[in-house]
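Structure record follows, encoded as structure tokens.
Numbering (our numbering), first residue to last: 13 to 249.
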């Protein structure tokens with residue numbers, strides 16, 4: 013499966029979606045960042061600029077599973093090149109569009125949806141919106157009212173109010189580690205015991221702080237992994 017994660021707006025969690033929601037659930041999936049400076053997260057891998065679209069197409073044909081993380085500064089080039097390479101959108105099984113409650117990001121999300129359907133011709137059933145940075149008390153239809161209103165008028169993408177990623181400190185904590193949430197959840201290491209041993213042996217505070225972060229991440233990871241499993245099923249099926 014090949015998935016593009018896209019939004020004209022920055023700071024909607026595209027890299028988080030790519031690295032923690034999608035790639036870990038596609039066996040052997042490679043995340044390909046298309047961005048010179050990615051504001052969503054720290055850069056992982058060698059960034060590929062939007063103007064190298066031809067090379068991207070070639071690369072996708074060599075991979076079984078891939079997640080293409082299209083950073084905000086390259087989206088316009090990416091969309092333009094996809095128009096030039098007629099039918100290139102068919103290389104992707106799905107276009108995942110993360111969004112957040114802020115008004116500007118919702119407006120940019122709508123522009124993204126219009127570009128995918130109107131300019132490129134992506135079928136509605138292959139465009140999936142993910143609602144990000146939601147709290148359990150939020151009414152998704154209210155805090156994303158612009159998106160819901162746009163859907164009611166156009167129905168040119170798949171809207172599922174349960175495709176929600178909740179706010180959680182794990183997403184900030186895990187940035188210091190080049191690992192996925194699933195990887196840490198499945199790690200058999202007893203970090204509490206490791207912390208005790210490190211304290212006993214007089215390890216430096218910097219090392220102890222890292223271990224404590226891993227303790228917190230592993231504890232948070234169990235619930236978050238279950239939540240993301242459910243969102244993944246909604247987004248890719």
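Just so it is clear, CB atoms sit at the ideal spot from N, CA and C, and this is done for glycine as well.
Check, Outcome
"Continuous alpha helix (DSSP H) stretch holding residue 170: start and end", "Premise fails: residue 170 is in no alpha helix (DSSP H) and is neither H nor E."
"Start and end residues, beta strand (DSSP E) containing residue 129", "No beta strand (DSSP E) holds residue 129; DSSP gives it neither H nor E."
"Endpoints, the beta strand (DSSP E) within which residue 195 is located", "Not the beta strand (DSSP E): residue 195 falls in the alpha helix (DSSP H), residues 193-198."
"Residue nearest to residue 177 in terms of C-alpha spacing, selected from 196, 188 and 34", "34"
"Given residue 131 as reference, the closest of 156, 93, 76 and 230 once Cα atoms are compared", "93"
"Inter-residue spacing [alpha-carbon to alpha-carbon] between residue 99 and residue 69", "11 Å"
"DSSP-derived helix/strand/coil call for residue 147", "coil"
"heavy atom of the ligand SAM below 8 Å from residue 161 C-beta", "Here there are no bound small molecules, and the ligand SAM is not part of this structure."
"Spatial distance of residue 174 from residue 215 (CA atoms)", "45 Å"
"Assigned exposure category for residue 189 - 16 Cβ within 10 Å defines buried", "exposed"
"Contacting residues, own chain, Cβ-Cβ under 6 Å from residue 125 (five flanking each side not counted)", "169"
"Distance CB(residue 91)-CB(residue 128) smaller than 9 Å", "yes"
"For residue 155, the first and last residue of its enclosing alpha helix (DSSP H)", "152-155"
"Classification of residue 238 by the beta-carbon crowding that lies within 10 angstroms, buried from 16 upward", "exposed"
"Candidates 161, 120, 208 and 81: closest to residue 106 by CA position", "81"
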